[in-house]
Every structure is written in structure tokens, then in C-alpha cells.
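In our numbering, the protein residues as written are 2 to 53.
To start, the structure under review is shown below, and the notes come after it.
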């Protein structure tokens, strides 16, 4: 693993933790929570496409 990929993975983990904390604190409705999780999954895909 290159140094740049490690930086990306650190950013990625930080980004995901922020989104998960947002889900826990802001979204109580299960349906809205599910849609937010799907949005996070799409963002994860975008990150991995942008940084192969």
C-alpha cells in the first residue's frame, strides 16, 4: 500500500465516522435512516472510484 493510499484510507475512515455519527444523532426515523445509509454507500463508491 502506498503512502497516498494510506492517507486516503485515513480520510475515508474519518468521513465514514462523521456520517455514522450524523445518522445516530440526527435521524430517528428508520426509513430516513435507511435512505441516509444508502447515500453514504454511494459516497463510498464515489471515493473508491476517485481514488483507485
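Just so you know, even glycine gets a beta-carbon here, dropped at the ideal spot from N, CA and C.
Say whether chain B places a C-beta atom closer than 8 Å to the C-beta of residue 36. Going by chain labels, chain B is absent from the structure shown, which holds only one protein chain.
What is the DSSP secondary structure of residue 35, counted as helix, strand or coil? In the structure shown, the three-state DSSP call for residue 35 is helix.
Pick helix, strand or coil for residue 3, following the three-state DSSP scheme. coil
Span separating the alpha-carbon of residue 40 from that of residue 6: Inter-residue distance for residue 40 and residue 6 is about 23 Å (C-alpha atoms, whole angstroms).
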